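Sequential numbering from 146 applies to the sequence shown in the numbering used here.
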Amino acid sequence: MKSKNNRNKNLVVLIATIAATGGLLFGFDTGVISGAQNFLQDPGGWGISDDQLEWVTTAVLIGAVLGAALSGRVSDILGRKKVIIAASVIFALGALATGAAPNISLLVTGRIIIGLAIGIASFSVPMYISEISPTRKRGALVTMNQLMITIGILVSYISDYLIANDANPFSWRWMFYIGLIPALILFIGMFFVPETPRWLIGRGREEEGRKVLNKVEEPDLVEEAIRKIKADIARESESAGYREVFKPWLRTALFIAVGIMFFQQFTGINTIIYYSPKIFKMAGIESNTLTILPSILLGTVNVLFTVVSIMLLDKLGRRPLYFIGLIGMIAGLVGVGLSFFFEESLGSSLKYFTVASMFIYIIFFAVSLGPLGWLIISEVFPLKVRGVGMSLGSLSNWLFNGIVAFTFLKLVNALSPAGAFWLYAALGILGIIWGRRFIPETKGITLEKIEDYWREGRKPREFKE
Ligand code: BGC
Numbered sequence: 146m147k148s149k150n151n152r153n154k155n156l157v158v159l160i161a162t163i164a165a166t167g168g169l170l171f172g173f174d175t176g177v178i179s180g181a182q183n184f185l186q187d188p189g190g191w192g193i194s195d196d197q198l199e200w201v202t203t204a205v206l207i208g209a210v211l212g213a214a215l216s217g218r219v220s221d222i223l224g225r226k227k228v229i230i231a232a233s234v235i236f237a238l239g240a241l242a243t244g245a246a247p248n249i250s251l252l253v254t255g256r257i258i259i260g261l262a263i264g265i266a267s268f269s270v271p272m273y274i275s276e277i278s279p280t281r282k283r284g285a286l287v288t289m290n291q292l293m294i295t296i297g298i299l300v301s302y303i304s305d306y307l308i309a310n311d312a313n314p315f316s317w318r319w320m321f322y323i324g325l326i327p328a329l330i331l332f333i334g335m336f337f338v339p340e341t342p343r344w345l346i347g348r349g350r351e352e353e354g355r356k357v358l359n360k361v362e363e364p365d366l367v368e369e370a371i372r373k374i375k376a377d378i379a380r381e382s383e384s385a386g387y388r389e390v391f392k393p394w395l396r397t398a399l400f401i402a403v404g405i406m407f408f409q410q411f412t413g414i415n416t417i418i419y420y421s422p423k424i425f426k427m428a429g430i431e432s433n434t435l436t437i438l439p440s441i442l443l444g445t446v447n448v449l450f451t452v453v454s455i456m457l458l459d460k461l462g463r464r465p466l467y468f469i470g471l472i473g474m475i476a477g478l479v480g481v482g483l484s485f486f487f488e489e490s491l492g493s494s495l496k497y498f499t500v501a502s503m504f505i506y507i508i509f510f511a512v513s514l515g516p517l518g519w520l521i522i523s524e525v526f527p528l529k530v531r532g533v534g535m536s537l538g539s540l541s542n543w544l545f546n547g548i549v550a551f552t553f554l555k556l557v558n559a560l561s562p563a564g565a566f567w568l569y570a571a572l573g574i575l576g577i578i579w580g581r582r583f584i585p586e587t588k589g590i591t592l593e594k595i596e597d598y599w600r601e602g603r604k605p606r607e608f609k610e
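See the structure below:
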């Protein structure tokens, strides 16, 4: 029995890892633009303007909003597995289209295609993993997706750095082409993993579903899992849907999901993820290639502190991490602003202050708002509206992300770099005030109990284990 359990465990980890390659691609294609930016703007190459660069960067997010909105329905019809396979094909097409783009409009189009794949992956991969995981391991396996996103960002920085060549202003082409490799791994890998039992049983294919469960679930839990899936499906069809999630008793939950994504994005994380080499260039590092180096360190710190966060979330709880995180992020943002504000007196040491402040910022983001955003949206909704609730949460995430990415360089030009970062810091302060009222402590509370609390009309602050 024990050896069968071990085998199950390894198999499940393998299956989850293959699917989480989707998270890695999400991260890779998020981060890859950063190393490409200075090359795209290089006067020896296309020499595109700041406005055009914002389009190239933001195009992904337009696609992602579409992808996140579409994938819920499609994954119900086609199944989770086919949707992830489709995403890998779209990822691959996007990598080719962006790498080979003959002009800026086609580059923007290629980035929209990639975005579509990212939007689909950001929704369907966590869903696939949560449905294929044995009950007792679900939390840890789902969080693996966030870790893979940060690893994907780091991999893209490293590959950008290795490919970057100051003598070749078209170095960006190969940076985009490399995205083909993880897309192919995902594509091939997904043929070897099963469809989820939940989807199969929902389609009346109970025997196939049981076969998969026999492979992945602990033997004593198989029949119980099937019963639970059937009960869930029955309950969901009672009153699932968008209308329910807008009803008064769930309005606070929806406000929390959209709110946490607002503060996750409007405190400027992706200006750092997308634009850090450009920021380092503003801070005085001249070589296009060398501007990527501190970004690699930032990416590494992001991965490491996501691991720290996974360890802390269930010990310290959500609320303390939220506030500690935001305070640290605000300090980092004020620091980045100050280092630009005192540009003249700091001279060549500006870059050290900027880099140090960005590290403070990313450390505190990685332990708090990074994982918390995705965790909270998966916890606050009752089961029957979790699907639509989560897709509204991720949709807002992409929308806010798009707005920030699209306005960052405009803000820098209008307010100066210092002004832009101080604005994000001010929004962080607003986030603290908002969080005092709205961030619930969900640590150790079952999801059913959270639902009861909403029905009783409890305030999020009054949630207790
Ligand atoms: C955010 C992304 C961000 C990433 C950085 C995620 O939680 O949603 O927008 O790029 O963290 O690690």
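From the three backbone atoms N, C-alpha and C, an ideal C-beta is built for every residue, glycine too.
Just so it is clear, the structure is predicted and the values come from calculations on it, not from any experiment.
- For ILE584, there is no enclosing alpha helix (DSSP H), since its DSSP letter is neither H nor E.
- DSSP, reduced to helix, strand and coil, places LEU435 outside both helices and strands of the structure shown, so it counts as coil.
- In this structure, ILE577 is the residue among ASP311, ILE577, GLY602 with its C-alpha nearest to the C-alpha of TYR467.
- Of the other Cβ atoms in all chains shown, 16 or more fall within 10 Å of the Cβ of PRO516; this residue is therefore buried.
- Check the Cα spacing between GLU276 and each of LEU345, GLY404, ASN558: the tightest is with LEU345.
- Excluding its 5 nearest sequence neighbours in each direction, LEU156 has C-beta neighbours in its own chain below 8 Å: LYS360, VAL361, listed in chain order.
- For TRP191, no alpha helix (DSSP H) segment is defined, and its DSSP state is neither H nor E.
- For ALA428, there is no enclosing alpha helix (DSSP H), since its DSSP letter is neither H nor E.
- In this structure SER539 is buried. Its beta-carbon is surrounded by 16 or more other beta-carbon atoms within 10 angstroms.
- Here ALA559 is exposed. Its C-beta has fewer than 16 other C-beta atoms within 10 Å.
- For the options LYS594, GLY573, ARG318, the alpha carbon positioned closest to that of GLY470 is the one of GLY573.
- Annotated as proximal: PHE321 and ALA240, with beta-carbon spacing under 8 Å.
- Of THR175, ILE417, SER250, ALA232, the smallest CA-CA separation from ILE333 is found for ALA232.
- Of all C-beta pairs linking the stretch 158 to 173 to the stretch 295 to 307, three or more are shorter than 8 Å, placing the two stretches in contact.
- For the stretch 450 to 499, the continuous alpha helix (DSSP H) assignments of 4+ residues that do not extend past its boundaries occur at 463 to 486, 488 to 491, in sequence order.
- A distance below 7 Å between beta-carbons, with the five flanking residues on each side excluded, links ILE437 to the following residues of its chain, in chain order: GLY180, TYR302, ASP305, TYR306, ALA309, PRO422.
- Apart from sequence neighbours up to five positions away, the residues of its chain that approach PHE236 with a beta-carbon distance below 6 Å are LEU170, ALA262, ALA328, ordered along the chain.
- Looking at the backbone, the Cα of VAL219 and that of GLY354 are separated by about 20 Å.
- Out of VAL479, GLU352, PRO393, PHE583, the CA that lies nearest to the CA of GLU601 is found in PRO393.
- Taking a 10 Å sphere around the C-beta of TYR598, we find 16 or more other C-beta atoms and assign the residue as buried.
- Straight-line measurement puts the Cα of LEU495 at about 17 Å from the Cα of TRP567.
- For ILE229 against ALA164, the beta-carbon gap comes to about 6 Å, under 8 Å, which counts as contact.
- Collapsing the DSSP output to three states places LYS392 in coil.
- Taking the Cβ of THR295 as the reference point, at least one heavy atom of the ligand BGC falls within a distance shorter than 7 Å.
- Look at the beta carbons and you see the stretch 450 to 466 not touching the stretch 544 to 553: under three pairs across the two are nearer than 8 Å.
- Rounded to the nearest angstrom, the Cβ distance from MET535 to ILE522 is 5 Å, consistent with a contact under 8 Å.
- Ranking ILE274, GLY547, LEU215 by CA distance to the CA of GLN410 puts GLY547 first.
- Distance from the CA atom of MET503 to the CA atom of TYR497, rounded to whole angstroms, is 10 Å.
- Placement of the Cβ of ASN447 at a distance of less than 7 Å from at least one heavy atom of the ligand BGC is found.
- The straight-line gap separating the alpha-carbon atoms of GLU340 and LEU292 is approximately 23 Å.
- For the pair of segments examined, the stretch 476 to 488 was found not to touch the stretch 456 to 463: the number of CB pairs separated by less than 8 Å stays below three.
- For PRO516, the three-state secondary structure derived from DSSP is helix.
- When the Cα atoms are used, ARG350 and ARG225 turn out to be separated by approximately 15 Å.
- The stretch 528 to 591 is shown to contain no whole beta strand (DSSP E) run of 3 or more residues.
- Relative to the non-hydrogen atoms of the ligand BGC, the Cβ of ASN290 never comes closer than 7 Å to any of them.
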